[in-house]
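Heads up: the sequence shown is residues 1 to 490, going by this note's numbering.
Here a beta-carbon is modelled for each residue, glycine too, at the ideal position from N, C-alpha and C.
Read through the structure below, which is laid out as C-alpha coordinates, and then see the notes.
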Amino acid sequence: MTFDNASPRRTPRASAARSVPLALALWLPVSTVLSANWPAWRGPHGSGVCTEKNLPLTWSATNNIRWRVPLPDRGNSTPIVWGRRVFVTQAIDKDNRRVVLCFARADGKLLWQSGVNATDKEPTYEANPYCSSSPVTDGQRVIAWFGSAGVHCYDFQGKELWARDLGRQAHQWGYGASLLLYRELCILSFGPGERSFLIALAKRTGKTVWQVDWPHLRPDAKWEDYGGSAEHAAKPGAQKLSEIAGSWSTPIVVRAAGHDELVNAFPLVLLAVDPQSGRERWRCAGLNIGAYSSPFAGEGTIAVTSSGFVNVGMAVRPGGRGDITSTRRLWHRERIKAHVGSGVVHRGHAYLVSYEGFAQCLDLRTGATVWEERLTGSGARNGCWSSPVLAGDRLYLANQNADTFVLRASPKFELVQVNSLGGEPMNASLAVSNGEIFIRTDKNLWCIGQAKQKSHSTLSVQWRWPLTSALSLPMGEGESQRGVGLFTNR
(Lines of atoms letter the chains of each structure in order from A; the text may use other names.)
(Lines give C-alpha, C1' and ligand atoms only; values in the text may rest on other atoms or scores of the structure.)
Protein backbone atom coordinates (compact mmCIF):
# COMPACT_ATOMS: atom_id res chain seq x y z
CA MET A 1 0.00 0.00 0.00
CA THR A 2 1.54 3.28 -1.08
CA PHE A 3 -0.15 5.98 0.96
CA ASP A 4 1.47 9.03 2.44
CA ASN A 5 0.41 9.36 6.09
CA ALA A 6 -1.77 6.31 6.54
CA SER A 7 -4.17 8.00 8.96
CA PRO A 8 -6.59 10.71 7.80
CA ARG A 9 -6.24 14.15 9.29
CA ARG A 10 -9.26 15.44 11.16
CA THR A 11 -9.94 19.16 11.58
CA PRO A 12 -12.55 19.83 14.31
CA ARG A 13 -14.53 23.01 13.78
CA ALA A 14 -17.61 22.87 15.97
CA SER A 15 -19.96 20.38 17.54
CA ALA A 16 -22.83 19.12 15.40
CA ALA A 17 -26.27 20.29 16.38
CA ARG A 18 -28.27 17.68 18.22
CA SER A 19 -31.52 16.18 17.06
CA VAL A 20 -33.72 13.34 18.22
CA PRO A 21 -32.60 10.09 16.53
CA LEU A 22 -35.17 8.06 14.66
CA ALA A 23 -35.95 4.48 15.55
CA LEU A 24 -34.58 2.52 12.64
CA ALA A 25 -34.01 -1.09 11.77
CA LEU A 26 -30.49 -2.18 12.68
CA TRP A 27 -29.12 -2.48 9.16
CA LEU A 28 -31.31 0.02 7.34
CA PRO A 29 -29.35 2.98 6.00
CA VAL A 30 -30.28 6.01 8.09
CA SER A 31 -33.13 8.21 6.82
CA THR A 32 -34.77 11.32 8.22
CA VAL A 33 -37.41 11.88 5.54
CA LEU A 34 -40.60 10.26 4.32
CA SER A 35 -40.14 7.61 1.68
CA ALA A 36 -42.85 9.22 -0.50
CA ASN A 37 -40.28 11.88 -1.34
CA TRP A 38 -37.02 11.26 -3.18
CA PRO A 39 -34.84 13.85 -1.43
CA ALA A 40 -31.38 12.78 -2.59
CA TRP A 41 -29.48 10.67 -5.07
CA ARG A 42 -30.58 7.05 -4.49
CA GLY A 43 -33.58 8.13 -2.46
CA PRO A 44 -34.49 8.60 1.21
CA HIS A 45 -32.10 5.95 2.53
CA GLY A 46 -29.32 6.39 -0.03
CA SER A 47 -29.85 2.72 -0.89
CA GLY A 48 -31.85 2.80 -4.12
CA VAL A 49 -34.59 0.86 -2.30
CA CYS A 50 -38.10 2.32 -2.09
CA THR A 51 -41.51 1.31 -0.75
CA GLU A 52 -43.36 2.23 -3.94
CA LYS A 53 -46.07 -0.26 -4.94
CA ASN A 54 -47.62 1.40 -7.99
CA LEU A 55 -44.75 2.31 -10.27
CA PRO A 56 -45.59 1.93 -13.96
CA LEU A 57 -44.36 -1.24 -15.60
CA THR A 58 -44.55 -0.11 -19.23
CA TRP A 59 -44.01 3.19 -21.04
CA SER A 60 -42.62 4.68 -24.23
CA ALA A 61 -41.93 8.16 -25.58
CA THR A 62 -45.69 8.57 -26.11
CA ASN A 63 -47.30 6.18 -23.60
CA ASN A 64 -47.66 6.70 -19.84
CA ILE A 65 -45.87 10.04 -20.04
CA ARG A 66 -47.24 12.61 -17.60
CA TRP A 67 -45.04 15.36 -19.01
CA ARG A 68 -41.72 16.09 -20.67
CA VAL A 69 -39.71 19.30 -20.45
CA PRO A 70 -36.54 20.07 -22.45
CA LEU A 71 -33.38 20.88 -20.52
CA PRO A 72 -30.93 23.62 -21.52
CA ASP A 73 -27.84 21.40 -21.69
CA ARG A 74 -26.48 17.93 -21.04
CA GLY A 75 -26.11 16.57 -17.53
CA ASN A 76 -25.56 13.45 -15.42
CA SER A 77 -27.17 14.45 -12.13
CA THR A 78 -30.30 12.72 -10.85
CA PRO A 79 -33.54 14.64 -10.12
CA ILE A 80 -34.79 14.86 -6.55
CA VAL A 81 -38.44 15.20 -5.56
CA TRP A 82 -40.14 16.78 -2.58
CA GLY A 83 -43.89 17.37 -2.45
CA ARG A 84 -44.91 19.46 -5.44
CA ARG A 85 -41.35 20.25 -6.51
CA VAL A 86 -38.75 18.51 -8.70
CA PHE A 87 -35.16 19.81 -8.53
CA VAL A 88 -32.30 19.26 -10.98
CA THR A 89 -28.75 20.63 -11.03
CA GLN A 90 -27.71 21.93 -14.42
CA ALA A 91 -24.73 23.52 -16.13
CA ILE A 92 -25.54 25.99 -18.91
CA ASP A 93 -22.25 26.10 -20.76
CA LYS A 94 -22.98 28.96 -23.15
CA ASP A 95 -23.74 31.25 -20.20
CA ASN A 96 -21.07 29.70 -17.95
CA ARG A 97 -23.80 29.07 -15.35
CA ARG A 98 -24.22 26.47 -12.61
CA VAL A 99 -27.85 26.35 -11.49
CA VAL A 100 -30.59 24.51 -9.66
CA LEU A 101 -33.77 24.17 -11.72
CA CYS A 102 -37.10 23.83 -9.89
CA PHE A 103 -40.07 22.35 -11.76
CA ALA A 104 -43.71 21.89 -10.79
CA ARG A 105 -44.28 18.22 -10.24
CA ALA A 106 -47.83 18.35 -11.62
CA ASP A 107 -47.00 19.51 -15.13
CA GLY A 108 -43.25 20.15 -15.45
CA LYS A 109 -43.50 23.94 -15.57
CA LEU A 110 -40.29 25.73 -14.68
CA LEU A 111 -40.84 27.59 -11.40
CA TRP A 112 -37.39 29.07 -10.89
CA GLN A 113 -33.72 28.66 -11.53
CA SER A 114 -31.04 29.93 -9.18
CA GLY A 115 -27.30 29.64 -9.43
CA VAL A 116 -23.98 31.31 -10.03
CA ASN A 117 -21.57 32.26 -12.77
CA ALA A 118 -18.65 29.84 -12.86
CA THR A 119 -15.38 31.75 -12.85
CA ASP A 120 -13.25 28.60 -13.15
CA LYS A 121 -13.92 25.95 -15.78
CA GLU A 122 -12.33 23.04 -13.99
CA PRO A 123 -11.15 20.04 -16.03
CA THR A 124 -13.53 17.23 -16.95
CA TYR A 125 -14.23 15.16 -20.06
CA GLU A 126 -16.99 14.79 -22.63
CA ALA A 127 -19.02 12.11 -20.85
CA ASN A 128 -19.13 13.98 -17.53
CA PRO A 129 -20.55 17.51 -17.93
CA TYR A 130 -20.40 20.05 -15.13
CA CYS A 131 -23.01 19.87 -12.33
CA SER A 132 -22.93 16.06 -12.26
CA SER A 133 -23.51 16.12 -8.49
CA SER A 134 -27.17 15.63 -7.51
CA PRO A 135 -28.78 18.08 -5.06
CA VAL A 136 -30.33 17.21 -1.69
CA THR A 137 -33.33 18.60 0.22
CA ASP A 138 -35.02 18.34 3.61
CA GLY A 139 -38.27 19.98 2.50
CA GLN A 140 -37.21 23.46 3.60
CA ARG A 141 -34.00 24.01 1.66
CA VAL A 142 -32.25 22.51 -1.36
CA ILE A 143 -28.45 22.29 -1.38
CA ALA A 144 -26.23 21.80 -4.43
CA TRP A 145 -22.51 21.38 -5.02
CA PHE A 146 -21.24 23.11 -8.16
CA GLY A 147 -17.65 21.86 -8.02
CA SER A 148 -15.19 24.77 -7.97
CA ALA A 149 -18.17 27.17 -7.88
CA GLY A 150 -18.94 26.03 -4.33
CA VAL A 151 -21.83 24.67 -2.27
CA HIS A 152 -25.04 26.70 -2.44
CA CYS A 153 -28.22 26.48 -0.36
CA TYR A 154 -31.59 27.82 -1.56
CA ASP A 155 -35.04 27.99 -0.04
CA PHE A 156 -38.02 26.55 -1.91
CA GLN A 157 -38.57 29.87 -3.70
CA GLY A 158 -35.03 29.98 -5.11
CA LYS A 159 -33.56 32.52 -2.69
CA GLU A 160 -29.97 31.79 -1.74
CA LEU A 161 -29.63 31.19 2.01
CA TRP A 162 -25.89 30.62 2.14
CA ALA A 163 -22.90 29.69 -0.02
CA ARG A 164 -19.52 28.15 0.71
CA ASP A 165 -16.38 28.32 -1.39
CA LEU A 166 -14.51 25.05 -0.73
CA GLY A 167 -11.74 25.79 -3.20
CA ARG A 168 -10.89 24.41 -6.60
CA GLN A 169 -11.88 20.89 -7.61
CA ALA A 170 -9.66 19.56 -10.38
CA HIS A 171 -9.41 16.12 -11.96
CA GLN A 172 -9.20 15.16 -15.63
CA TRP A 173 -12.49 13.23 -15.34
CA GLY A 174 -14.41 15.82 -13.35
CA TYR A 175 -16.47 15.13 -10.22
CA GLY A 176 -19.61 13.17 -9.40
CA ALA A 177 -20.19 12.72 -5.66
CA SER A 178 -23.58 13.89 -4.41
CA LEU A 179 -24.56 15.49 -1.12
CA LEU A 180 -25.92 13.71 1.94
CA LEU A 181 -28.09 15.17 4.71
CA TYR A 182 -27.65 13.71 8.19
CA ARG A 183 -29.55 15.36 11.03
CA GLU A 184 -28.32 18.98 10.99
CA LEU A 185 -25.38 18.28 8.69
CA CYS A 186 -24.81 18.41 4.94
CA ILE A 187 -21.97 16.02 4.14
CA LEU A 188 -19.87 16.01 0.97
CA SER A 189 -16.97 13.94 -0.34
CA PHE A 190 -15.04 16.72 -2.09
CA GLY A 191 -12.85 15.50 -4.92
CA PRO A 192 -11.30 13.80 -6.77
CA GLY A 193 -8.02 15.56 -7.35
CA GLU A 194 -5.12 16.88 -5.37
CA ARG A 195 -7.56 18.30 -2.82
CA SER A 196 -9.89 15.54 -1.60
CA PHE A 197 -11.68 15.42 1.73
CA LEU A 198 -14.87 14.59 3.59
CA ILE A 199 -16.55 17.68 4.99
CA ALA A 200 -19.66 18.26 7.13
CA LEU A 201 -21.38 21.64 6.89
CA ALA A 202 -24.15 22.94 9.14
CA LYS A 203 -27.16 22.72 6.84
CA ARG A 204 -28.68 25.97 8.17
CA THR A 205 -25.56 28.15 7.89
CA GLY A 206 -22.98 26.35 5.74
CA LYS A 207 -20.34 26.59 8.46
CA THR A 208 -17.79 23.78 8.69
CA VAL A 209 -18.50 21.35 11.55
CA TRP A 210 -15.71 18.88 10.75
CA GLN A 211 -13.37 17.98 7.92
CA VAL A 212 -11.34 14.83 7.26
CA ASP A 213 -8.53 15.17 4.72
CA TRP A 214 -7.63 11.95 2.96
CA PRO A 215 -4.11 11.37 1.60
CA HIS A 216 -3.33 10.48 -2.00
CA LEU A 217 -1.34 7.78 -3.65
CA ARG A 218 2.33 8.65 -3.54
CA PRO A 219 3.71 10.07 -6.80
CA ASP A 220 6.03 7.05 -7.11
CA ALA A 221 3.21 4.48 -6.84
CA LYS A 222 3.69 1.79 -9.51
CA TRP A 223 1.13 0.74 -12.08
CA GLU A 224 1.96 -2.95 -11.68
CA ASP A 225 1.11 -2.82 -7.97
CA TYR A 226 -2.56 -2.35 -8.89
CA GLY A 227 -2.96 -4.46 -12.02
CA GLY A 228 -1.48 -2.06 -14.56
CA SER A 229 1.21 -2.67 -17.14
CA ALA A 230 4.77 -1.65 -16.23
CA GLU A 231 5.57 -1.54 -19.95
CA HIS A 232 2.76 0.92 -20.60
CA ALA A 233 3.74 3.01 -17.58
CA ALA A 234 7.24 3.40 -19.03
CA LYS A 235 5.98 4.92 -22.29
CA PRO A 236 6.55 8.66 -22.87
CA GLY A 237 3.62 10.71 -21.66
CA ALA A 238 2.14 7.95 -19.49
CA GLN A 239 0.23 9.36 -16.55
CA LYS A 240 1.19 8.84 -12.94
CA LEU A 241 -1.17 6.80 -10.80
CA SER A 242 -1.72 9.83 -8.60
CA GLU A 243 -3.19 11.63 -11.64
CA ILE A 244 -5.65 8.81 -12.32
CA ALA A 245 -6.73 7.77 -8.82
CA GLY A 246 -9.64 9.37 -7.02
CA SER A 247 -13.04 9.01 -5.42
CA TRP A 248 -16.36 9.89 -7.07
CA SER A 249 -18.23 8.02 -4.34
CA THR A 250 -21.22 9.38 -2.42
CA PRO A 251 -21.21 8.48 1.30
CA ILE A 252 -23.96 6.50 2.99
CA VAL A 253 -24.95 6.29 6.66
CA VAL A 254 -25.71 2.92 8.25
CA ARG A 255 -26.74 1.92 11.75
CA ALA A 256 -24.47 -0.70 13.32
CA ALA A 257 -23.75 -1.83 16.89
CA GLY A 258 -25.94 0.91 18.32
CA HIS A 259 -24.39 3.84 16.47
CA ASP A 260 -24.39 5.50 13.05
CA GLU A 261 -21.47 5.11 10.65
CA LEU A 262 -20.69 7.32 7.67
CA VAL A 263 -19.15 5.05 5.03
CA ASN A 264 -17.44 6.04 1.80
CA ALA A 265 -15.11 4.50 -0.79
CA PHE A 266 -11.67 5.98 -1.51
CA PRO A 267 -8.68 4.75 -3.51
CA LEU A 268 -7.67 1.39 -1.98
CA VAL A 269 -9.89 1.61 1.13
CA LEU A 270 -13.45 1.67 2.40
CA LEU A 271 -13.60 4.14 5.29
CA ALA A 272 -16.14 4.63 8.10
CA VAL A 273 -16.25 7.68 10.37
CA ASP A 274 -18.58 9.02 13.04
CA PRO A 275 -20.98 11.26 11.05
CA GLN A 276 -21.26 13.77 13.89
CA SER A 277 -17.55 14.27 14.54
CA GLY A 278 -15.60 12.85 11.58
CA ARG A 279 -13.57 10.55 13.84
CA GLU A 280 -12.49 7.36 12.14
CA ARG A 281 -14.22 4.15 13.24
CA TRP A 282 -12.80 1.59 10.83
CA ARG A 283 -11.20 1.02 7.45
CA CYS A 284 -11.03 -1.97 5.14
CA ALA A 285 -8.44 -2.48 2.40
CA GLY A 286 -9.12 -4.15 -0.92
CA LEU A 287 -10.36 -1.52 -3.37
CA ASN A 288 -8.51 -0.34 -6.45
CA ILE A 289 -7.38 3.19 -7.27
CA GLY A 290 -10.67 4.39 -8.78
CA ALA A 291 -13.62 4.64 -6.37
CA TYR A 292 -16.23 5.36 -9.04
CA SER A 293 -19.26 3.81 -7.35
CA SER A 294 -20.77 4.29 -3.91
CA PRO A 295 -21.12 1.66 -1.19
CA PHE A 296 -24.55 0.09 -0.72
CA ALA A 297 -25.92 -1.63 2.36
CA GLY A 298 -28.51 -4.10 3.57
CA GLU A 299 -28.99 -7.20 5.70
CA GLY A 300 -25.98 -6.57 7.91
CA THR A 301 -23.60 -6.02 5.03
CA ILE A 302 -21.95 -3.17 3.13
CA ALA A 303 -20.80 -3.96 -0.41
CA VAL A 304 -18.81 -1.84 -2.83
CA THR A 305 -17.01 -2.10 -6.17
CA SER A 306 -14.12 -0.10 -7.60
CA SER A 307 -11.86 0.00 -10.60
CA GLY A 308 -8.54 1.14 -11.94
CA PHE A 309 -6.75 -1.46 -14.02
CA VAL A 310 -8.79 -4.32 -12.55
CA ASN A 311 -12.37 -4.13 -11.28
CA VAL A 312 -12.74 -5.40 -7.72
CA GLY A 313 -15.64 -5.90 -5.33
CA MET A 314 -15.89 -6.69 -1.65
CA ALA A 315 -18.30 -6.82 1.27
CA VAL A 316 -17.82 -6.08 4.96
CA ARG A 317 -19.73 -6.27 8.22
CA PRO A 318 -19.84 -2.76 9.73
CA GLY A 319 -19.55 -2.03 13.42
CA GLY A 320 -15.85 -2.76 13.87
CA ARG A 321 -12.92 -0.63 15.00
CA GLY A 322 -9.59 0.10 13.34
CA ASP A 323 -8.38 -2.02 10.44
CA ILE A 324 -11.10 -4.63 9.84
CA THR A 325 -9.62 -6.13 6.66
CA SER A 326 -8.81 -9.47 8.28
CA THR A 327 -11.67 -9.55 10.78
CA ARG A 328 -14.84 -8.24 9.14
CA ARG A 329 -14.28 -8.43 5.38
CA LEU A 330 -16.66 -11.12 4.16
CA TRP A 331 -15.36 -11.55 0.63
CA HIS A 332 -13.16 -9.93 -1.98
CA ARG A 333 -13.04 -10.70 -5.70
CA GLU A 334 -11.32 -9.35 -8.76
CA ARG A 335 -12.67 -8.87 -12.28
CA ILE A 336 -16.17 -8.12 -11.11
CA LYS A 337 -18.05 -6.45 -13.96
CA ALA A 338 -19.78 -3.55 -12.19
CA HIS A 339 -17.71 -0.54 -11.13
CA VAL A 340 -19.59 2.69 -11.94
CA GLY A 341 -23.20 2.31 -10.83
CA SER A 342 -23.96 1.22 -7.27
CA GLY A 343 -26.03 -1.83 -6.36
CA VAL A 344 -29.00 -2.83 -4.21
CA VAL A 345 -29.49 -5.61 -1.67
CA HIS A 346 -32.54 -7.89 -1.62
CA ARG A 347 -33.07 -11.18 0.23
CA GLY A 348 -29.50 -12.33 0.45
CA HIS A 349 -28.39 -11.08 -2.94
CA ALA A 350 -26.71 -8.01 -4.40
CA TYR A 351 -27.87 -6.70 -7.77
CA LEU A 352 -25.64 -4.52 -9.95
CA VAL A 353 -25.31 -3.40 -13.54
CA SER A 354 -21.98 -2.80 -15.24
CA TYR A 355 -20.63 -0.01 -17.41
CA GLU A 356 -20.78 -2.45 -20.35
CA GLY A 357 -24.48 -3.21 -19.71
CA PHE A 358 -24.30 -6.55 -17.89
CA ALA A 359 -26.73 -7.11 -15.02
CA GLN A 360 -25.35 -9.24 -12.21
CA CYS A 361 -26.79 -11.07 -9.23
CA LEU A 362 -24.26 -11.94 -6.50
CA ASP A 363 -24.58 -14.01 -3.38
CA LEU A 364 -24.32 -11.37 -0.67
CA ARG A 365 -22.56 -13.73 1.77
CA THR A 366 -19.86 -15.00 -0.59
CA GLY A 367 -19.71 -12.67 -3.60
CA ALA A 368 -20.24 -15.60 -5.96
CA THR A 369 -22.03 -14.85 -9.23
CA VAL A 370 -25.56 -16.27 -9.26
CA TRP A 371 -26.39 -14.99 -12.73
CA GLU A 372 -25.01 -12.52 -15.24
CA GLU A 373 -26.89 -11.34 -18.33
CA ARG A 374 -26.27 -8.77 -21.05
CA LEU A 375 -29.10 -6.23 -21.27
CA THR A 376 -29.73 -5.20 -24.87
CA GLY A 377 -31.96 -2.22 -25.49
CA SER A 378 -33.33 -0.42 -28.50
CA GLY A 379 -30.15 1.35 -29.63
CA ALA A 380 -26.39 1.17 -29.82
CA ARG A 381 -25.69 2.63 -26.35
CA ASN A 382 -26.16 -0.39 -24.09
CA GLY A 383 -23.62 0.67 -21.47
CA CYS A 384 -24.74 1.94 -18.09
CA TRP A 385 -23.62 4.51 -15.52
CA SER A 386 -26.97 4.55 -13.75
CA SER A 387 -27.66 2.84 -10.41
CA PRO A 388 -30.71 0.56 -10.06
CA VAL A 389 -33.88 1.23 -8.07
CA LEU A 390 -35.61 -1.60 -6.21
CA ALA A 391 -39.40 -1.42 -5.74
CA GLY A 392 -40.79 -4.56 -4.12
CA ASP A 393 -39.25 -7.38 -6.13
CA ARG A 394 -38.76 -5.28 -9.27
CA LEU A 395 -35.44 -3.82 -10.34
CA TYR A 396 -35.50 -0.73 -12.56
CA LEU A 397 -32.23 -0.30 -14.50
CA ALA A 398 -31.59 2.44 -17.09
CA ASN A 399 -28.88 2.34 -19.75
CA GLN A 400 -27.14 5.11 -21.70
CA ASN A 401 -29.81 4.93 -24.40
CA ALA A 402 -32.57 5.85 -21.89
CA ASP A 403 -33.91 2.29 -22.09
CA THR A 404 -35.22 1.12 -18.72
CA PHE A 405 -35.12 -2.60 -17.99
CA VAL A 406 -37.48 -4.03 -15.42
CA LEU A 407 -36.08 -7.23 -13.91
CA ARG A 408 -37.30 -9.55 -11.20
CA ALA A 409 -35.05 -9.29 -8.14
CA SER A 410 -34.59 -13.02 -7.89
CA PRO A 411 -31.78 -15.60 -7.94
CA LYS A 412 -33.31 -16.71 -11.24
CA PHE A 413 -32.89 -14.18 -14.04
CA GLU A 414 -36.20 -12.82 -15.33
CA LEU A 415 -36.56 -9.87 -17.69
CA VAL A 416 -40.03 -8.41 -17.17
CA GLN A 417 -40.08 -5.41 -19.51
CA VAL A 418 -37.94 -3.07 -21.61
CA ASN A 419 -39.10 0.55 -21.99
CA SER A 420 -37.58 3.02 -24.46
CA LEU A 421 -37.77 6.80 -24.67
CA GLY A 422 -36.53 6.98 -28.23
CA GLY A 423 -32.79 6.72 -27.79
CA GLU A 424 -31.87 9.87 -25.86
CA PRO A 425 -28.38 9.81 -24.27
CA MET A 426 -28.55 9.29 -20.50
CA ASN A 427 -26.19 8.77 -17.56
CA ALA A 428 -28.39 9.80 -14.61
CA SER A 429 -30.10 7.43 -12.20
CA LEU A 430 -33.87 7.19 -11.78
CA ALA A 431 -35.91 9.01 -9.14
CA VAL A 432 -39.25 7.60 -7.97
CA SER A 433 -42.04 9.09 -5.86
CA ASN A 434 -45.74 8.36 -5.33
CA GLY A 435 -46.17 6.11 -8.34
CA GLU A 436 -44.10 8.25 -10.71
CA ILE A 437 -40.63 7.80 -12.22
CA PHE A 438 -38.49 10.83 -13.08
CA ILE A 439 -35.90 10.35 -15.80
CA ARG A 440 -33.26 12.90 -16.71
CA THR A 441 -31.67 12.49 -20.15
CA ASP A 442 -29.26 14.79 -21.96
CA LYS A 443 -32.22 16.47 -23.64
CA ASN A 444 -35.27 16.23 -21.39
CA LEU A 445 -36.69 15.72 -17.94
CA TRP A 446 -39.46 13.11 -18.10
CA CYS A 447 -42.22 12.25 -15.64
CA ILE A 448 -43.46 8.68 -16.15
CA GLY A 449 -46.77 7.56 -14.65
CA GLN A 450 -50.04 5.89 -15.44
CA ALA A 451 -51.51 8.34 -17.95
CA LYS A 452 -54.39 10.47 -16.70
CA GLN A 453 -55.23 11.66 -20.21
CA LYS A 454 -54.67 10.54 -23.77
CA SER A 455 -51.89 12.99 -24.61
CA HIS A 456 -49.02 14.07 -22.44
CA SER A 457 -47.83 17.62 -21.83
CA THR A 458 -44.71 18.91 -23.53
CA LEU A 459 -43.27 22.26 -22.47
CA SER A 460 -40.92 24.35 -24.56
CA VAL A 461 -38.68 26.27 -22.19
CA GLN A 462 -36.88 29.43 -23.31
CA TRP A 463 -33.70 29.43 -21.25
CA ARG A 464 -32.89 33.04 -20.45
CA TRP A 465 -31.05 34.71 -17.62
CA PRO A 466 -32.21 36.51 -15.58
CA LEU A 467 -35.76 35.17 -15.49
CA THR A 468 -38.45 37.80 -15.11
CA SER A 469 -41.92 36.23 -15.12
CA ALA A 470 -43.49 34.74 -12.02
CA LEU A 471 -45.48 31.55 -11.69
CA SER A 472 -47.89 30.51 -8.96
CA LEU A 473 -48.01 27.06 -7.43
CA PRO A 474 -50.27 25.83 -4.60
CA MET A 475 -48.37 25.71 -1.36
CA GLY A 476 -47.12 22.50 0.19
CA GLU A 477 -44.91 21.70 3.13
CA GLY A 478 -41.80 23.84 3.02
CA GLU A 479 -43.20 25.83 0.10
CA SER A 480 -44.67 29.28 -0.57
CA GLN A 481 -46.40 30.66 -3.63
CA ARG A 482 -43.56 32.59 -5.25
CA GLY A 483 -41.60 31.13 -8.14
CA VAL A 484 -40.12 32.42 -11.35
CA GLY A 485 -39.86 30.97 -14.81
CA LEU A 486 -40.42 31.53 -18.49
CA PHE A 487 -42.03 28.87 -20.65
CA THR A 488 -44.56 28.26 -23.39
CA ASN A 489 -46.94 25.34 -23.81
CA ARG A 490 -46.71 23.38 -27.00
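Tell me whether residue i sits in a helix, a strand or coil according to DSSP, three-state version.
i: Leu-28; result: Here Leu-28 scores only 48 on pLDDT, less than 50, and its place in the model should not be relied on; the value that follows carries that caveat. Residue state, collapsed to three classes: coil.
i: Glu-299; result: coil
i: Leu-241; result: helix
i: Gly-483; result: Reliability fails at Gly-483, whose pLDDT of 33 lies under 50, so the model's placement of it is uncertain and the value that follows must be treated cautiously. Residue state, collapsed to three classes: strand.
i: Asp-274; result: coil
i: Asp-165; result: coil
i: Ser-148; result: helix
i: Asp-107; result: coil
i: Trp-41; result: coil
i: Glu-224; result: helix
i: Pro-21; result: The predicted model places Pro-21 with a pLDDT of 36, which falls under 50 and marks its position as unreliable, so this point remains unresolved.
Can you name the start and end residues of the alpha helix (DSSP H) that residue i belongs to?
i: Ala-409; result: That residue, Ala-409, is in no alpha helix (DSSP H); it is neither H nor E in DSSP.
i: His-232; result: 230-233
The beta strand (DSSP E) spanning residue i covers which residue range?
i: Ala-104; result: 97-104
i: Glu-151; result: The amino acid at residue 151 is misidentified as Glu; the sequence shows Val. Looking at the DSSP string, the run of the beta strand (DSSP E) that includes Val-151 is 151-155.
i: Tyr-355; result: Note, Tyr-355: premise wrong, no beta strand (DSSP E); not H, not E.
i: Tyr-182; result: 180-182
i: His-339; result: Looking at the DSSP string, His-339 is not in any beta strand (DSSP E), and its letter there is neither H nor E.
i: Tyr-396; result: 394-398
i: Ile-448; result: 444-448
i: Ser-189; result: 185-190
Comparing alpha-carbon positions, which option in the options lies nearest residue i?
i: Val-100; options: Pro-135, Glu-122 and Glu-126; result: Pro-135
i: Ala-391; options: Arg-164, Val-432 and Pro-411; result: Val-432
i: Leu-180; options: Ala-233, Pro-192 and Ala-144; result: Ala-144
i: Asp-165; options: Gly-150, Asn-288 and Ala-36; result: Gly-150
i: Arg-329; options: Val-304, Tyr-351, Val-310 and Gln-239; result: Val-304
i: Arg-218; options: Lys-207, Ala-245 and Arg-347; result: Ala-245
i: His-346; options: Thr-376, Pro-411 and Arg-381; result: Pro-411
i: Arg-74; options: Asn-128, Gly-48 and Asp-107; result: Asn-128
i: Ala-256; options: Gly-298, Met-426, Ala-409 and Cys-361; result: Gly-298
i: Ala-118; options: Val-389, Gly-147, Asp-323 and Thr-441; result: Gly-147
Starting from the C-beta of residue i, find all residues in its chain whose C-beta is less than 7 Å away, skip the five residues before and the five after it, and write them out in chain order.
i: Leu-71; result: Gln-90, Lys-443, Asn-444 and Leu-445
i: Gly-383; result: Tyr-355, Glu-356, Gly-357, Asn-399 and Gln-400
i: Val-81; result: Asn-37, Trp-38, Arg-105, Ala-431, Ser-433 and Phe-438
i: Gly-122; result: Before going on, a small fix: residue 122 reads as Glu here, not Gly. Only Gly-147, Ser-148, Arg-168, Gln-169 and Ala-170 meet the Cβ criterion.
Are any of the Cβ atoms in chain E nearer than 9 Å to that of residue i?
i: Trp-162; result: In the displayed structure, chain E is absent; only one protein chain is listed.
Between the alpha carbons of residue i and residue j, how many angstroms are there, rounded?
i: Gly-43; j: Trp-223; result: 37 Å
i: His-216; j: Ser-242; result: 7 Å
i: Trp-214; j: Asn-434; result: 39 Å
i: Val-88; j: Ala-234; result: 43 Å
i: Arg-279; j: Lys-203; result: 20 Å
i: Cys-153; j: Trp-112; result: 14 Å
i: Val-212; j: Ala-177; result: 16 Å
i: Gln-239; j: Val-312; result: 22 Å
i: Leu-497; j: His-349; result: This structure cannot speak to residue 497, because the chain is shown only from 1 to 490.
i: Val-142; j: Asp-155; result: 6 Å
i: Ser-562; j: Ala-451; result: No information on residue 562 is available, as it lies outside the stretch 1 to 490 that the chain covers here.
i: Thr-137; j: Cys-102; result: 12 Å
i: Leu-364; j: Ser-133; result: 29 Å
Among residues of its own chain, excluding the 5 on either side of residue i, which ones have a beta-carbon nearer than 8 Å to its beta-carbon?
i: Arg-321; result: Arg-281 and Trp-282
If you drop the 5 nearest sequence neighbours on each side, which residues of the same chain put their C-beta closer than 6 Å to that of residue i?
i: Ala-200; result: Leu-185, Ile-187, Val-209 and Trp-210
i: Arg-394; result: Val-406
i: Gly-423; result: Gly-379 and Asn-401
i: Phe-413; result: Trp-371 and Glu-373
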